[in-house]
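Written below as structure tokens is the structure these notes are about.
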Amino acid sequence: MEQGEQELRIPRHVAVILDGNGRWAKEHHLPRKLGHKAGCENLEQIVEDAARLGIEYFTIYGFSTENWKRSEEEVGALMQLFRYYIGRLREVAMANDVRVRMIGERSRFDQDLIDGLNMLEDVTKNNRGMTFVLALNYGSRDEITRGMRRLAKDAAAGTLDPEDVTEETIASYLDTAGMPDPDLMIRTSGEQRLSNYLLWQLAYAELYFTDVYWPDFHREDLIAAIRAYNQRDRRFGGR
Ligand code: IPE
Ligand code: IPE
Ligand code: MG
439 MEQGEQELRI PRHVAVILDG NGRWAKEHHL PRKLGHKAGC ENLEQIVEDA ARLGIEYFTI
499 YGFSTENWKR SEEEVGALMQ LFRYYIGRLR EVAMANDVRV RMIGERSRFD QDLIDGLNML
559 EDVTKNNRGM TFVLALNYGS RDEITRGMRR LAKDAAAGTL DPEDVTEETI ASYLDTAGMP
619 DPDLMIRTSG EQRLSNYLLW QLAYAELYFT DVYWPDFHRE DLIAAIRAYN QRDRRFGGR
């Protein structure tokens, strides 16, 4: 911990929309896929930083349900990177006692990738440090739709009484079942929108936007976001 960091109140759950890989690549006169590679390398580092800071849940938006509409070349390059970084993330997770959990609809990926994601969850499931949540082929509306389809089936089958449906019931049908809602949502690269991210779960989150492109978002930027959160949040007596 560096000076002044001891007094930081660390949010329990931080959710990030990593954005700006493409613009970072353009700025460096590189092809887009090298921007994504730099973004994945940065992810490895920041997961470790977040775990060491004592964040309990760290959720990253890696690929949205809308991202399939990008060029075949870009989607293919992203899938190749995911294949490689599943292995890297396994090492980072094991070295930092991090448990990995995926949200989103994994069945659309190729079988080897699905196997890799299942393996990553399985080998890290007994880790007791931070939970790193990877949102892949994730879209909030898709998540809510899938969840409500299951809820309707349970009601039709008679195992769920419609009169008993509460906010907690709805939350329990989402991919994030059992996780606390995010306290802080960070989006990099200057865009100020949610892009179908955690619409239900972000109901009360503080929103923090930075112009920094994702590959350049490092530990000090995460600290700056947490500081801003500490200053804004007065519910628990923050300054
Ligand atoms: C974020 O970077 C990575 C993914 C969405 C997969 P972008 O690829 O969206 O980067 P920009 O927005 O074009 O700069
Ligand atoms: C949001 O970023 C999705 C992810 C970070 C995975 P995008 O760059 O795809 O979002 P839009 O399309 O600009 O809203
Ligand atoms: Mg983008």
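Residue numbering for the sequence shown follows this note's numbering, starting at 439 and increasing by one per position.
Ideal Cβ positions, reconstructed from N, Cα and C, are used throughout, including at glycine.
| Asked | Found |
| --- | --- |
| Quick one, what's near ligand 1 if you take every residue whose CB is closer than 5 angstroms to any heavy atom, in chain order? | Asp457, Gly458, Asn459, Gly460 and Arg461 |
| What did DSSP end up calling His474 once you bin it into helix, strand or coil? | helix |
| Is Ile455 closer than 8 angstroms to Arg625 when the C-beta atoms are compared? | yes |
| Please identify the residue among Tyr499, Leu555 and Glu504 whose C-alpha is closest to the C-alpha of Tyr523. | Leu555 |
| Return yes when the Cβ of Gly514 is within less than 8 angstroms of the Cβ of Trp393, no when it is not. | Within the shown structure, residues of the chain are numbered from 439 to 677, placing residue 393 beyond reach of any answer. |
| Nearest chain C C-beta to Ala663 closer than 8 angstroms, yes or no? | Judged by its chain identifiers, the structure shown contains no chain C, having just a single protein chain. |
| How many Å lie between Glu512 and Leu472 at the Cα? | 11 angstroms |
| Cα separation between Gly492 and Glu465? | 33 angstroms |
| With Ile448 as the anchor, note down where its alpha helix (DSSP H) starts and where it stops. | Ile448 -> no alpha helix (DSSP H), and no H or E assigned at all. |
| What's the C-alpha gap between Gly542 and Glu440? | 36 angstroms |
| Can you give me the Cβ contacts of Glu494 inside the same chain, cut-off strictly under 8 angstroms, excluding the 5 residues immediately before and after it? | Arg450, His451, Met568, Thr569 and Pro618 |
| Go to Asn575, then tell me how far its alpha helix (DSSP H) extends in each direction, as first and last residue. | Asn575 -> not in any alpha helix (DSSP H); beta strand (DSSP E) instead, spanning Thr569 to Tyr576. |
| Under 8 angstroms, do Phe647 and Asn480 count as touching if we go by C-beta distance? | no |
| Using DSSP with H/G/I as helix, E/B as strand and the rest coil, what is Ser633? | coil |
| According to DSSP, is Ile458 helix, strand or coil? | For the record, residue 458 in the displayed sequence is Gly; it is not Ile. Gly458: coil per DSSP, three-state reduction. |
| Assign Tyr523 to one of three DSSP states: helix, strand, or coil. | helix |
| Of all the options Met517, Asn564 and Val561, which has the alpha carbon lying nearest to the alpha carbon of Asp550? | Met517 |
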